[in-house]
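Numbering (the working numbering), first residue to last: 254 to 440.
Beta carbons are placed, not taken as given, at the ideal position from N, Cα and C, and that holds for glycine.
Presented below is the structure to which this report refers.
Structural data, given as structure tokens:
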């Protein structure tokens with residue numbers, strides 16, 4: 254048990270050190286050192302290290318761009334419940350980047366992210382419910398998802414709310430606001 258905790262602490266510490274090297278905060282900026290730290294954190298099972306390493310491979314600025322490697326690390330972090338990794342994994346599945354395109358799996362990961370509170374995923378589901386795209390059209394549910402995203406500062410969600418409310422009755426808006434008040438993220 255103690256060895257497991259030590260491994261977790263080392264992983265967290267390496268991720269923090271990687272962020273410092275990436276940003277140049279407290280140390281000289283060094284992308285190679287950041288990659289090295291994120292890789293060690295990721296291999297120790299740290300979900301933030303896995304996510305950060307995935308982002309580096311996705312962007313291809315600090316390391317050679319590699320969609321398969323990015324997907325691998327996003328998936329590991331997503332399986333541990335990392336909401337941002339879940340959303341990005343959903344996008345990769347949707348677009349077929351690094352993996353075979355799979356819309357069902359894409360929606361699964363985006364929903365997990367939305368249910369945990371990831372704003373981009375919440376905006377995604379708000380738009381889907383507003384349009385009835387793959388789900389029943391439901392302005393009340395759409396509004397709920399969009400409002401949750403907008404409360405986190407997602408400007409696109411706020412624009413989508415402005416468009417949606419023109420189509421809604423005051424009762425629908427009131428019901429949706431109640432849903433927002435009662436909503437709790439899943440962990």
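Residue j beta carbon less than 8 angstroms from that of residue i
i, j, result
"residue 411", "residue 371", "no"
"residue 413", "residue 379", "yes"
"residue 275", "residue 302", "no"
"residue 326", "residue 294", "no"
"residue 321", "residue 351", "yes"
CA-to-CA distance, residue j to residue i, given in whole angstroms
i, j, result
"residue 401", "residue 375", "7 angstroms"
"residue 437", "residue 392", "20 angstroms"
"residue 387", "residue 431", "25 angstroms"
"residue 288", "residue 409", "32 angstroms"
"residue 434", "residue 425", "14 angstroms"
"residue 421", "residue 360", "26 angstroms"
"residue 504", "residue 264", "Residue 504 cannot be examined here, being either before or after the span of the chain that is shown, 254 to 440."
"residue 272", "residue 313", "16 angstroms"
Own chain, CB closer than 7 angstroms to residue i, minus 5 neighbours either side, in chain order
i, result
"residue 331", "338, 339, 342 and 362"
"residue 286", "274"
"residue 328", "342"
Same chain only: Cβ atoms within 6 angstroms of residue i, ignoring 5 sequence neighbours per side
i, result
"residue 358", "346"
"residue 336", "366, 369 and 371"
"residue 373", "340"
"residue 383", "395 and 417"
"residue 398", "375, 378 and 379"
"residue 355", "346"
Sequence-distant residues of its chain with Cβ nearer than 8 angstroms to residue i (five each side left out)
i, result
"residue 260", "297 and 298"
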